[in-house]
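> The structure that follows is given in the form of structure tokens.
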Amino acid sequence: NAGVTQTPKFQVLKTGQSMTLQCAQDMNHEYMSWYRQDPGMGLRLIHYSVGAGITDQGEVPNGYNVSRSTTEDFPLRLLSAAPSQTSVYFCASSYSRGGEHEQFFGPGTRLTVL
Amino acid sequence: GESVGLHLPTLSVQEGDNSIINCAYSNSASDYFIWYKQESGKGPQFIIDIRSNMDKRQGQRVTVLLNKTVKHLSLQIAATQPGDSAVYFCVPINAGKSTFGDGTTLTVKP
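Just so you know, the sequences run in chain order F and Z. Mapping the first sequence onto my numbering, position 90 (from 1) lands on 90, and the numbers just tick up by one. So the mapping is simple: my numbering equals the position in the second sequence, first residue as 1, plus 1000.
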């Protein structure tokens, strides 16, 4: 299994540009999430999905869109990039079965918005 | 919503000593808790978890204690090694949603 994969690893955008961060998992997990992590801080939840076709907002959703057309993929779209969106973005997938819950993170995408 | 606070933002220990990282959470409905370790430049890595109906769970060199009365968790690392140097997050899970605080940075001195 590849686990959780994210592309690209690094990205530089200009203010106002749009782009999509890709995330895929091959573990057939029902839950997927996007977080951002600013320097010296914890991860903040942007959007999450509890299954294909279902998404919901997290703590900091403004400026981001998501969709979940398949179990495997959960892309994050920045509609009009702003310098405040400079951060490291982590995608995660998780399962919850029989009281057990485990979450796996991708390697992250480092985004700089100029 | 949930909030998570760690009692000390940084902790420095001598190699071979035991480490204790403490965490307080706010939502009594949280039904599951995970401790993650994050090394520089990497994503968080699962260490150990505990369900809300337990008060203690042990892994390899790690023990997590949960006190639901005061909404407090701790992570104990035995015989701390230089490879344990990282940021540690305690993460309550509620209805599949996880909440990260700012973490505790553990530094192990050789």
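Glycine included, each C-beta is placed from N, C-alpha and C at the ideal position.
Just checking: is the beta-carbon of HIS101 (chain F) within a distance shorter than 8 Å of some beta-carbon in chain Z?
Output row for HIS101 (chain F): interface = yes.
> Apply the 10 Å Cβ neighbour rule to ARG77 (chain F) and answer buried if 16 or more other Cβ atoms are within range, or exposed otherwise.
Exposed.
> Answer with buried or exposed for GLN1081 (chain Z), where buried requires no fewer than 16 other C-beta atoms within 10 angstroms of its C-beta.
By the 10 Å Cβ count, GLN1081 (chain Z) comes out exposed.
> State buried or exposed for ASP1055 (chain Z), treating a residue as buried only when at least 16 other CB atoms are found within 10 Å of its CB.
Burial call: exposed.
> Please confirm if ILE8 (chain F) has its CB atom under 8 Å from at least one CB of chain Z.
Sequence check: residue 8 (chain F) is Pro here, not Ile. Chain Z contact via Cβ: absent.
> My output table needs one value for GLN37 (chain F): the three-state DSSP class, helix, strand or coil.
In the structure shown, GLN37 (chain F) sits in a strand (DSSP, three-state: E or B).
> Mark VAL12 (chain F) as exposed unless 16 or more other C-beta atoms lie within 10 angstroms of its C-beta, in which case mark it buried.
Classification for VAL12 (chain F): exposed.
> Taking the straight line between their C-alpha atoms, what separation do you get for LYS1109 (chain Z) and VAL1087 (chain Z)?
Rounded to whole angstroms, LYS1109 (chain Z) to VAL1087 (chain Z) spans 15 Å at the Cα level.
> Considering only their Cβ atoms, is the gap separating GLN37 (chain F) from PHE105 (chain F) smaller than 8 Å?
It is not a contact, given that the beta carbons lie outside the stated cut-off.
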